[in-house]
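Visitor:
Protein chains: 2
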Amino acid sequence: MRLRDTSEVEFLRGVRQLLGEAGGRVRLGIGDDAAVIDCPPGRSLVLTCDASVEGRHFRREWLSPHEIGERAVRCALSDLAAMGAEPAAILLTLIISPDEDAALAQGLIEGGAQAAETFGARLAGGETVGREGPLELDVVATGFVEPGRELTRSGACPGDVVMVSGTLGDSAAGLAALTGTWDAVAGSAGTLAGSGGSRRRSWDRAHPCAHAVEAVIARYKRPEPRLALGQLLGRSDAVHAAIDISDGLARDAGHLAEQSGVAIVLHTETIPLSTECRTLAEHLGLDPLPWALTGGEDFELLFCVRSDAAPAIARLAHDSLGLPLTTIGEVTEGHGVCVMHPDGTDLPLRQGGWDQFRST
Amino acid sequence: MRLRDTSEVEFLRGVRQLLGEAGGRVRLGIGDDAAVIDCPPGRSLVLTCDASVEGRHFRREWLSPHEIGERAVRCALSDLAAMGAEPAAILLTLIISPDEDAALAQGLIEGGAQAAETFGARLAGGETVGREGPLELDVVATGFVEPGRELTRSGACPGDVVMVSGTLGDSAAGLAALTGTWDAVAGSAGTLAGSGGSRRRSWDRAHPCAHAVEAVIARYKRPEPRLALGQLLGRSDAVHAAIDISDGLARDAGHLAEQSGVAIVLHTETIPLSTECRTLAEHLGLDPLPWALTGGEDFELLFCVRSDAAPAIARLAHDSLGLPLTTIGEVTEGHGVCVMHPDGTDLPLRQGGWDQFRST
């Protein structure tokens with residue numbers, strides 16, 4: 002049934018049934034003028050919002066409604082991870098054409114609610130706004146942090162080393178697989194709107210790269226907000242600054258450098274790439290590095306830490322979270338980001354990665 | 002300069018300059034992965050979001066960029082008023098075409114920041130997302146309330162009287178003046194998209210209604226979130242349920258009735274109308290009642306209160322806030338809303354007021 006043929010009141014009744022009673026920190030959930038959340042004593046509120054726009058951040062042929070909702074909430078939660086916060090409540094607003102099926106809206110909400118639950122948060126409200134045009138999901142994520150323990154972008158010091166969690170470039174490779182634009186890897190955002198998937202290759206399951214393709218597509222579809230790592234880093238005085246990689250390594254390192262008033266040097270040979278990413282790049286005869294440097298949406302944490310503390314933190318993340326951390330550079334006096342090759346030349350950075358206004 | 006020709010980093014630098022350092026409860030504002038807000042001890046968080054979409058909630062020919070930003074934030078703050086919360090921090094996300102002028106974006110943000118300041122909150126972050134299509138402002142409003150003192154929609158009891166603040170219908174009359182669709186007053190939302198203002202009448206300053214037109218347009222342009230009243234009502238045990246009137250009196254009374262599991266009877270002759278609203282309706286030969294019943298966006302508070310406590314609350318609101326409260330009905334057993342004429346007939350309620358999916 003189309004949303005136009007249902008009433009908002011009936012629709013909301015369905016959503017409330019779907020989500021059940023308030024719980025966790027959410028004292029009052031969907032159905033009132035606002036949500037009411039219990040604040041844990043002695044904690045600060047961490048508050049962020051993140052919009053997912055059809056054609057810009059996702060396409061319906063790539064993701065089911067459930068996956069679109071799940072992805073939107075996971076992306077928003079990554080901002081909480083980058084602050085070292087513990088998630089509490091999520092609001093999800095759908096901007097959707099009244100001609101869409103109510104089942105689409107329900108799928109989006111179910112996916113969002115499930116992502117919230119997965120990470121210890123709860124879907125506590127939101128809005129549904131009818132308008133023509135591309136589907137849009139606006140997510141508000143809230144969490145709590147011990148005052149002074151929040152990770153910011155602004156504390157990096159010369160002498161710190163730069164570390165990153167997990168592997169980079171998989172999400173961009175997955176996006177390239179979905180769009181079929183393997184070589185248009187710089188600025189994945191920009192390629193989304195322009196390319197119609199016309200050159201999509203079909204990957205037979207028997208193809209030697211089939212597993213690798215599935216793996217990188219899964220990284221695009223279901224990003225992992227590094228919430229436990231963020232909280233672990235927030236407890237250490239040696240961690241001076243952090244950001245999640247949503248715009249691409251080069252650009253996000255730039256945000257860290259700018260906010261901290263320092264320069265960051267990255268070494269290309271140390272950037273962690275997954276086996277799948279390497280396999281695919283090799284098969285395609287491509288350099289995987291641009292996926293990692295400018296692809297974006299890896300949602301790994303990039304952080305600056307006192308150099309003598311780095312090994313212990315890497316050990317702790319490995320032992321308690323099973324998550325590898327890699328040292329990929331260092332903080333120096335100056336400004337900007339320099340990406341160095343092993344032979345000592347520096348990589349001229351293409352104007353890539355996510356930029357909300359530019360498409361190249 | 003078009004947004005496309007500026008960079009996000011430069012744009013954000015401008016925004017930070019505009020908004021200055023963090024302050025109030027906002028410990029960390031714009032420029033990081035999330036905002037950090039100090040929670041006052043022993044308070045609960047109240048959290049809401051509200052989207053303003055061009056063509057649906059406003060048109061650029063009616064409002065300056067500053068006014069659009071201001072209005073979007075004022076509307077979101079009204080949800081906090083309806084909960085009895087004290088505002089703390091606002092996030093403002095702009096969804097805007099990269100071809101728009103950067104001055105438009107700045108005007109929107111300035112307006113939003115000013116509305117926040119006016120009501121004791123602070124603009125603490127947000128996002129700017131480039132996409133083609135209608136302009137959109139997504140506002141997140143946060144505030145705090147003493148646990149258990151929040152006003153909800155669900156506590157109305159049979160025997161309560163129904164009260165409303167201020168006057169109703171002005172915003173719908175203002176919208177009708179702006180669109181020139183004086184008679185299409187039921188469901189102001191629905192008329193917005195369809196009517197091109199083609200029948201707009203020009204109001205000479207010398208016209209006897211010129212002042213009234215200006216006054217009702219101002220009510221549409223700059224809604225007043227009843228924050229002080231909400232907090233006053235929240236302190237009284239006699240106030241059992243509340244909502245802000247955004248969808249129209251009839252529909253919002255319906256929300257209260259549904260959430261409380263009661264029926265609400267409203268008496269048309271008691272509904273408070275401004276002199277300006279009456280003057281205009283008389284001049285146009287229209288009944289002003291539909292503006293009040295189904296027009297929406299008055300952002301007055303509608304609440305249910307123990308009948309013996311109503312006079313004291315009205316006196317308190319008058320004396321401390323200069324705000325008139327009017328008793329317009331009562332709560333009974335049953336369900337739904339009944340609108341009674343003085344002669345004892347009940348008004349068949351048109352399917353009007355805001356509905357996100359329907360346009361009639």
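The listed protein sequences derive, respectively, from chains D and L. Per my numbering, numbering of the first sequence is gapless, rising by one per residue and ending at 361. Per my numbering, numbering of the second sequence is gapless, rising by one per residue and ending at 361. Positions of the beta carbon are idealized from the N, C-alpha and C atoms, including for glycine. Source: prediction; values computed, not measured.
1) When you compare the stretch 114–121 of chain L with the stretch 43–61 of chain L, are there three or more beta-carbon pairs, one atom per stretch, that lie closer than 8 Å?
2) Would you kindly work out how many angstroms separate the C-alpha atoms of D:His284 and D:Ala174, rounded to a whole number?
3) Hey, out of L:Glu270, L:Thr129 and L:Asp161, whose CA is closest to D:Cys1's CA?
4) So the candidates are D:Glu101, D:Gly235 and D:Asp161; which of them puts its Cα closest to the Cα of D:Glu87?
5) Just by C-beta distance, which residues in the stretch 89–110 of chain D are closer than 7 Å to chain L?
6) On the CB-based measure, 16 or more other CB atoms within 10 Å of its CB, does L:Thr180 come out buried or exposed?
7) Taking 9 Å as the CB-CB cut-off, is L:Leu64 touching chain D?
8) Is there a Cβ of chain L sitting closer than 9 Å to that of D:Ile31, yes or no?
9) Express the C-alpha separation of L:Asp347 and L:Gly198 in angstroms, rounding to a whole number.
10) Is L:Met164 near L:Ala311, with beta carbons less than 9 Å apart?
11) Could you check whether the Cβ of L:Asp51 sits closer than 9 Å to any Cβ belonging to chain D?
12) Is the shortest distance between the beta-carbon of L:Gly262 and the beta-carbons of chain D less than 9 Å?
13) Using a beta-carbon distance below 9 Å, is D:Glu128 in contact with chain L?
14) According to DSSP, is D:Pro312 part of a helix, a strand, or is it coil?
15) Reducing DSSP to helix, strand and coil, say where D:Leu234 ends up.
16) Bridge partners for L:Thr143 per DSSP, in chain order?
17) Let me know the secondary structure DSSP gives L:Gly249 once reduced to three states.
18) Do D:Ile265 and D:Val332 have their beta-carbon atoms positioned less than 9 Å apart in this structure?
19) Using a beta-carbon distance below 9 Å, is D:Leu348 in contact with chain L?
20) From this set, L:Thr276, L:His256, L:Gly335 and L:Met341, which residue's C-alpha is nearest D:Ser8's C-alpha?
21) By the 7 Å beta-carbon criterion, what residues does the stretch 53–85 of chain L contribute toward chain D?
22) In or out: L:Thr94 buried (at least 16 other Cβ within 10 Å) or exposed?
23) Would you mind telling me which residues of chain D sit closer than 7 Å to L:Gly245, beta carbon to beta carbon, in chain order?
24) Using 9 Å as the limit for Cβ to Cβ distance, is L:Asp238 near chain D?
25) For L:Gly144, does the count of other Cβ atoms within 10 angstroms reach 16, so buried, or fall short, so exposed?
26) So for D:Thr153, helix, strand or coil by DSSP?
27) Determine which residues share a DSSP beta bridge with D:His268 and list them.
28) Taking L:Met84 as part of the alpha helix (DSSP H), name the residues at either end of that continuous run.
29) Specify the secondary structure class of L:Phe304 as computed by DSSP and reduced to three states.
30) What does a CB cutoff of less than 7 Å around D:Ala178 pick up in its chain, not counting 5 residues either side in sequence?
31) Alpha carbons only, please: which of L:Leu124, L:Gly131, L:Ala82 and L:Ala125 is nearest the one belonging to L:Ser98?
32) Is there a Cβ from chain C that is less than 9 Å from the Cβ of L:Cys339?
33) Going by DSSP, what residue range makes up the alpha helix (DSSP H) through L:Asp171?
34) Assign D:Ile31 to one of three DSSP states: helix, strand, or coil.
35) Tell me which same chain residues have a C-beta within less than 6 Å of the C-beta of L:His241, skipping the five on either side of it?
36) L:Arg154 and D:Asp33: beta carbons closer than 9 Å?
Guide: Based on what the coordinates show:
1) Cβ pair count under 8 Å is below three, so no.
2) Numbered from its first residue, the first sequence carries residue 284 of chain D at position 283. Numbered from its first residue, the first sequence carries residue 174 of chain D at position 173. D:His284 and D:Ala174: Cα-Cα distance of roughly 13 Å.
3) Since the first residue of chain D shown is 2 and the last is 361, residue 1 of chain D is not available in this structure.
4) In the first sequence, the residue the question calls residue 87 of chain D occupies position 86. Nearest to D:Glu87 by C-alpha distance, out of D:Glu101, D:Gly235 and D:Asp161, is D:Gly235.
5) Ala90, Leu92, Thr94, Ile96 and Pro99
6) Within the second sequence, residue 180 of chain L is the residue found at index 179, counting from 1. L:Thr180 is buried by the Cβ-count criterion.
7) Here residue 64 of chain L corresponds to residue number 63 of the second sequence, with the count starting at 1. Answer no: the Cβ-Cβ gap between L:Leu64 and chain D never drops below 9 Å.
8) If you number the first sequence from 1, residue 31 of chain D lands on position 30. Output row for D:Ile31: interface = no.
9) Position 197 of the second sequence, counted from the start, is the residue given in the question as residue 198 of chain L. Position 346 of the second sequence, counted from the start, is the residue given in the question as residue 347 of chain L. In this prediction, L:Gly198 scores a pLDDT of 39, lower than 50, which makes its location untrustworthy; the coordinate-derived value is nonetheless stated afterwards. When rounded, the distance between both Cα atoms is 33 Å.
10) In the second sequence, counting from the first residue as 1, residue 164 of chain L sits at position 163. In the second sequence, counting from the first residue as 1, residue 311 of chain L sits at position 310. A contact, by the Cβ cut-off of 9 Å.
11) Position 50 of the second sequence holds residue 51 of chain L. Closer than 9 Å to some Cβ of chain D, the Cβ of L:Asp51 qualifies, so yes.
12) Along the second sequence, one-based indexing puts residue 262 of chain L at 261. Judged by the 9 Å Cβ criterion, L:Gly262 is not in contact with chain D.
13) Against the first sequence, residue 128 of chain D aligns to sequence position 127. D:Glu128 counts as touching chain L.
14) Counted from its first residue, the first sequence places residue 312 of chain D at position 311. In this structure, D:Pro312 counts as helix in the three-state DSSP scheme.
15) To locate residue 234 of chain D, count along the first sequence from 1; it is residue 233. Correct three-state label for D:Leu234: helix.
16) The count along the second sequence starts at 1 and reaches residue 143 of chain L at position 142. Paired residues: L:Leu48 and L:Ala90.
17) The count along the second sequence starts at 1 and reaches residue 249 of chain L at position 248. Looking at L:Gly249 - three-state DSSP - the assignment turns out to be coil, as it is neither helix nor strand.
18) For the purposes of this step, residue 332 of chain D is taken as residue 331 along the first sequence, with counting starting at 1. For the purposes of this step, residue 265 of chain D is taken as residue 264 along the first sequence, with counting starting at 1. Yes.
19) Counted from its first residue, the first sequence places residue 348 of chain D at position 347. No, no contact with chain L.
20) Along the first sequence, one-based indexing puts residue 8 of chain D at 7. Out of L:Thr276, L:His256, L:Gly335 and L:Met341, L:His256 has the C-alpha closest to the C-alpha of D:Ser8.
21) Val54, Arg57, Asp80, Leu81, Ala83 and Met84
22) One-based indexing of the second sequence puts residue 94 of chain L at position 93. Buried is the call here.
23) Looking up residue 245 of chain L in the second sequence gives position 244. The question names Gly, but residue 245 of chain L is Asp in the sequence shown. Under a criterion of Cβ atoms nearer than 7 Å, the residues of chain D adjacent to L:Asp245 are, in order, Asp34.
24) Working through the second sequence from its first residue, we reach residue 238 of chain L at position 237. Answer no: the Cβ-Cβ gap between L:Asp238 and chain D never drops below 9 Å.
25) Mapped onto the second sequence, residue 144 of chain L falls at position 143. Result: buried.
26) For this step, residue 153 of chain D is matched to residue 152 along the first sequence. Residue state, collapsed to three classes: coil.
27) By 1-based counting over the first sequence, the position of residue 268 of chain D is 267. D:His268 is bridged to D:Met341.
28) Position 83 of the second sequence, counting from 1, holds the residue named residue 84 of chain L. Taken as a continuous stretch (DSSP letters only), the alpha helix (DSSP H) holding L:Met84 covers Pro66 to Met84.
29) For the purposes of this step, residue 304 of chain L is taken as the residue at position 303 of the second sequence. Three-state DSSP puts L:Phe304 in a strand.
30) Here the question's residue 178 of chain D lines up with position 177 in the first sequence. So the list reads Val214, Val217 and Ile218, once near-sequence residues are dropped.
31) Residue mapping note: residue 98 of chain L aligns to position 97 of the second sequence, counting from 1. Answer by Cα proximity: L:Gly131.
32) Within the model displayed, chain C is absent; protein chains D and L are what it includes.
33) In the second sequence, residue 171 of chain L corresponds to position 170, counting from 1. Per DSSP, L:Asp171 belongs to the alpha helix (DSSP H) from Asp171 to Thr180.
34) Within the first sequence, numbered from 1, the residue matching residue 31 of chain D stands at position 30. Of the three classes helix, strand and coil, the one that applies to D:Ile31 here is coil, per DSSP.
35) Here residue 241 of chain L refers to the residue found at position 240 of the second sequence. If we look at L:His241 and ignore the five residues flanking it on each side, its Cβ neighbours are Gly156, Ala157, Cys158, Asp161 and Cys305.
36) Taking the first residue of the second sequence as position 1, residue 154 of chain L is located at position 153. Taking the first residue of the first sequence as position 1, residue 33 of chain D is located at position 32. It is a contact, given that the beta carbons lie within the stated cut-off.
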